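Numbering (our numbering), first residue to last: 60 to 214.
Glycine included, each C-beta is placed from N, C-alpha and C at the ideal position.
Here the structure is a predicted model, which is why all the values come from computation and not from measurement.
Worksheet: the structure to be examined is printed underneath.
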Amino acid sequence: MADIHVEEFYKDVAIALVQLYGVFPRRVNLFVEDIAGPDEPDEFGLHSKRHMACFGALLWLQEEGLLRYVDTIRQEALDQAVLTHAAFVRLSAPAPAPLNQLVTPSSQPSEGQLPPSVQQDLSTYIHLIRRALKSGHSGRISQIVQATFFADRNR
């Protein structure tokens, strides 16, 4: 079992990538509260560890070349954030079949019953991330995000 802060990291990253993919190529402000939930700074104006971990995850995404932004809005948001080319291509790529089976509910139609264009769309990394987030299962979220990050290293 992973440390809770690592599981929260994967969930924060997944939510941020889904938000940015949903508005691509438009630049948007990416707020920590929209990802990690509300936070009340303490009497000294300091944010909680959870809030700062999420903010750190967003900065990490930039450092790893998955998003760009113009500036930070204090420690509350990234101003004018957008996915990089590499992130957009990775999220739009089809994932290997074993990953699809990991997050595909058994109630969905089998692959042969769907048109090829729909099958292709449902097999992308971004779609799998969305389904994992919807499931709320932290293990699935972690596995899909890890597979997304390391997809190009396994080829």
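- Judged by DSSP secondary structure, phenylalanine 147 falls within the alpha helix (DSSP H) whose first and last residues are 144–151.
- Between glutamine 134 and arginine 127, the CB-CB gap reaches or exceeds 8 Å.
- Serine 201 and threonine 207 have their C-alpha atoms spaced approximately 10 Å apart.
- When only Cα atoms are considered, arginine 189 and glutamate 102 end up about 37 Å apart.
- When C-beta atoms of the region 102–113 are compared with those of the region 146–156, fewer than three pairs fall below 8 Å, so the two segments do not count as touching.
- In the structure shown, alanine 73 falls within a helical segment according to DSSP collapsed to helix, strand and coil.
- Considering only Leu76, Pro153, Gln172, Pro97, the residue with the shortest C-alpha distance to valine 204 is Leu76.
- Using a Cβ distance threshold of 8 Å, tyrosine 69 and isoleucine 185 do not count as a contacting pair.
- Here leucine 137 is actually not in contact with leucine 125; their C-beta atoms are around 12 Å apart, not less than 8 Å.
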